[in-house]
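S.K.: Here's a structure for you.
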């Protein structure tokens, strides 16, 4: 066994990024259009957007961890 | 890992790079400084982490010493970091009574940002928070703080009752919801905080290593094609380095923001 | 593969599993203790300074605003004062002007009346003089005429009319006739 990076691991991670990728795209599109409509709501929307981003991102990161298992 | 997958990967790697070893988990495991067995725990991440704390301490102590009404450049930079966390995170998220938690949030933000930026600073080039122990320590602080606030506010049983049985839901949901909420507050939150940091730094570090080492390998390979392509890989490494710097600060922001959100939730009367 | 130039280089040996990434107890301890010390020191020495600086700054800005407001007040008070003074001066000027106008009218009137009076005086004096002259001339003339007439008459009559009473009566009669004839003549 020379190393731990296998083809299976990257494949697992590639699949695991699909959902979070779409999710993060949706979150920030909603955030951007919200700020475009009401620029003064930016400070209210930012924590919510990043909270959603963090919750979705953790899924991709769990996928990354599983890729190494 | 199945042997089939291993064989596949072995062939793949061999075909691609004639024995190039991509960076793996080994990049995150360090030998002690003293090979003779004294101080076996003294490794590079440990030293770098303490160094990060010292950097943060000096930064804030020096920046707060002048106290000029019209700040100079350095004082302005230090104060901007402080006011960014104080007004942009603590005040906006927590609201009334946020002053008490500003010190923790500012310190966490600065420490995480500096530790993460070690990943791109030449000479250190290892994000110490990629070792799970450090972010877990930070997450435990957040965990203890928001649990402490909740228990102090509503009492031990009152707090967990408000967590597990939020009012206004149909009764048949509670058996399902209560354990999920309990696990969420007690386990998932601190571990997701820690794991988010670690995994981000881990992935970023691997990515940079892959492009740097791969580019170097390609440059010194005999194959002309790889030699021609090598500059592109190295240029990508440079670009990704600045991208990583951005991610590293962003992760510090997210950690601080989530901690503030948890604190705000524990402070609010209704769950 | 030596990536880290500092000592304690990463191992790239094969065979590591994810379990080697699990948190080591010393890292956890160093993290907790180091962060606690950092938090304590900064909370005690650094952050209160920031808050104090911010408060001083706020106070300074508020003080500046107050000062500016005071200056503004003073300026508007001075302006009001100047305007009042200006209005006073204007009123005074107009009073003076109207007084001067009245004075002028009075002076002109006085001068005119004085001149009229003087003219009248001159006129009346001239008239009186003329009357006096006329009377004097008349008296002188009548006396002269009387004497001449007497001379003539005495020469003509050849006798001396020494009887004064008669002589004067004759002269008076003569003059009265003469006057009546001249009055008729001038009429």
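Residue numbers (this note's numbering), protein chains in the order written: chain L, 512 to 580; chain V, 54 to 324; chain G, 3 to 189. Built from N, CA and C at the ideal position, the CB exists for glycine as well. From a predicted model like this one, the values you see are computed outputs, not experimental measurements.
Can you tell me the Cα-Cα spacing of residue 87 of chain V and residue 193 of chain V, whole angstroms?
M.R.: When rounded, the distance between both Cα atoms is 30 Å.
S.K.: Below 8 Å on the Cβ atoms is my contact criterion, and I expect residue 144 of chain G with residue 177 of chain G to pass it. Report the Cβ-Cβ distance as a whole number of Å.
M.R.: About 6 Å; that satisfies the 8 Å criterion.
S.K.: Based on Cα-Cα distance, which residue from G:45, G:151, G:64 and G:172 lies nearest to residue 32 of chain V?
M.R.: Nothing about residue 32 of chain V can be reported from this structure: the residues present for chain V run from 54 to 324 only.
S.K.: Should residue 312 of chain V go down as buried or exposed, given a rule of 16 or more other Cβ atoms within 10 Å for buried?
M.R.: Residue 312 of chain V is buried by the Cβ-count criterion.
S.K.: Between V:97, V:319 and V:305, which has its C-alpha nearest residue 561 of chain L's C-alpha?
M.R.: Comparing Cα-Cα distances from residue 561 of chain L to each of V:97, V:319 and V:305, the minimum goes to V:305.
S.K.: Is it a yes or a no for the region 275 to 283 of chain V touching the region 76 to 83 of chain V, going by three-plus beta-carbon pairs under 8 Å?
M.R.: The answer is no - the region 76 to 83 of chain V does not touch the region 275 to 283 of chain V, with fewer than three Cβ pairs under 8 Å.
S.K.: Do you know how far the Cα of residue 563 of chain L is from the Cα of residue 556 of chain L?
M.R.: Distance between the alpha carbons of residue 556 of chain L and residue 563 of chain L is about 11 Å.
S.K.: Use the C-beta contact count for residue 140 of chain V: other C-beta atoms within 10 angstroms, 16 or more gives buried, fewer gives exposed.
M.R.: Classification for residue 140 of chain V: exposed.
S.K.: Please compile the residues from chain G whose C-beta is within a distance smaller than 7 Å of the C-beta of residue 164 of chain V.
M.R.: Going along chain G in sequence order, the residues near residue 164 of chain V (Cβ under 7 Å) are 37 and 40.
S.K.: By the 10 Å Cβ neighbour count, where 16 or more other Cβ atoms means buried, how is residue 1 of chain G classified, buried or exposed?
M.R.: In the structure displayed, chain G extends from 3 to 189; residue 1 of chain G sits before or after that span and is not available.
S.K.: Apart from the five residues just before and just after residue 534 of chain L, which ones in its own chain have a Cβ nearer than 7 Å to its Cβ?
M.R.: So the list reads 567, once near-sequence residues are dropped.
S.K.: According to DSSP, is residue 2 of chain G helix, strand or coil?
M.R.: Residue 2 of chain G falls outside the range modelled here, since chain G spans only 3 to 189, and no answer is possible.
S.K.: Nearest-angstrom Cα distance between residue 293 of chain V and residue 162 of chain V?
M.R.: Answer to the nearest angstrom: the Cα atoms are 22 Å apart.
S.K.: Can you tell me whether residue 314 of chain V is buried or exposed? The criterion is at least 16 other CB atoms within 10 Å of its CB, across all chains shown.
M.R.: Under this definition residue 314 of chain V is a buried residue.
S.K.: Taking the alpha-carbon positions, what's the residue 112 of chain V to residue 219 of chain V distance?
M.R.: Answer to the nearest angstrom: the Cα atoms are 43 Å apart.
S.K.: By DSSP, does residue 577 of chain L sit in helix, in strand, or in coil?
M.R.: In this structure, residue 577 of chain L counts as helix in the three-state DSSP scheme.
S.K.: Taking 8 Å as the threshold, find out whether the region 186 to 202 of chain V comes into contact with the region 214 to 232 of chain V through three or more Cβ pairs.
M.R.: Judged by Cβ distances under 8 Å, the region 186 to 202 of chain V makes no contact with the region 214 to 232 of chain V, as fewer than three pairs qualify.
S.K.: Using a Cβ cut-off of 8 Å (strictly closer), state whether residue 26 of chain G contacts chain V.
M.R.: Cβ-Cβ to chain V under 8 Å: yes for residue 26 of chain G.
S.K.: Per DSSP, what kind of secondary structure is residue 512 of chain L in: helix, strand or coil?
M.R.: Its pLDDT being 42, under 50, residue 512 of chain L is placed unreliably by the model, and nothing is read from it.
S.K.: Out of curiosity, what's the CA-to-CA distance linking residue 287 of chain V and residue 546 of chain L?
M.R.: Near 37 Å, if we compare the C-alpha coordinates of residue 546 of chain L and residue 287 of chain V.
S.K.: Listing by chain order, which chain G residues have their CB less than 7 Å from the CB of residue 268 of chain V?
M.R.: Residues of chain G passing the Cβ test: none, with the nearest at roughly 13 Å.
S.K.: Applying the 10 Å Cβ sphere with the 16-neighbour rule, what's the burial state of residue 74 of chain G?
M.R.: Classification of residue 74 of chain G: exposed, given that the 10 Å Cβ count is below 16.
S.K.: If you measure between the beta carbons of residue 96 of chain V and residue 85 of chain V, is that distance less than 8 Å?
M.R.: Cβ distance < 8 Å, so residue 96 of chain V and residue 85 of chain V count as in contact.
S.K.: What residue range is occupied by the uninterrupted alpha helix (DSSP H) comprising residue 528 of chain L?
M.R.: Element bounds for residue 528 of chain L: 519 to 548.
S.K.: Could you have a look at residue 274 of chain V and say whether DSSP puts it in helix, strand or coil?
M.R.: Residue 274 of chain V: coil per DSSP, three-state reduction.
S.K.: Apart from the five residues just before and just after residue 261 of chain V, which ones in its own chain have a Cβ nearer than 7 Å to its Cβ?
M.R.: The residues are 290, 293, 294 and 297.
S.K.: Could you tell me whether the Cβ atoms of residue 143 of chain V and residue 155 of chain V are closer together than 8 Å?
M.R.: Yes, they are a contact pair.
S.K.: Using a cut-off of 9 Å between C-beta atoms, extract the partners of residue 539 of chain L located in chain V.
M.R.: Chain V residues near residue 539 of chain L: none, gap ~13 Å exceeds 9 Å.
S.K.: Classify residue 196 of chain V as helix, strand or coil using the three-state DSSP reduction.
M.R.: Helix at residue 196 of chain V.
S.K.: Among V:310, V:170, V:217 and V:118, which has the Cα closest to the Cα of residue 51 of chain G?
M.R.: The option with the nearest alpha carbon to residue 51 of chain G is V:118.
S.K.: Are any of the Cβ atoms in chain G nearer than 8 Å to that of residue 315 of chain V?
M.R.: It does not: the Cβ of residue 315 of chain V has no partner Cβ on chain G nearer than 8 Å.
S.K.: By the 10 Å Cβ neighbour count, where 16 or more other Cβ atoms means buried, how is residue 169 of chain V classified, buried or exposed?
M.R.: Flag for residue 169 of chain V reads buried.
S.K.: Considering only C-alpha positions, which residue in the set L:548, L:540, L:552 and L:527 is nearest to residue 145 of chain V?
M.R.: When only C-alpha atoms are compared, the closest one is L:552.
S.K.: How long is the line joining the alpha carbons of residue 102 of chain G and residue 113 of chain G, rounded to whole angstroms?
M.R.: Straight-line Cα distance between these residues: approximately 16 Å.
S.K.: In terms of residues, what are the limits of the alpha helix (DSSP H) holding residue 37 of chain G?
M.R.: 27 to 43 is the extent of the alpha helix (DSSP H) around residue 37 of chain G.
S.K.: Excluding sequence positions up to five away, which residues of its chain have a Cβ less than 8 Å from the Cβ of residue 243 of chain V?
M.R.: Contacts found: 189, 192, 193, 195 and 196.
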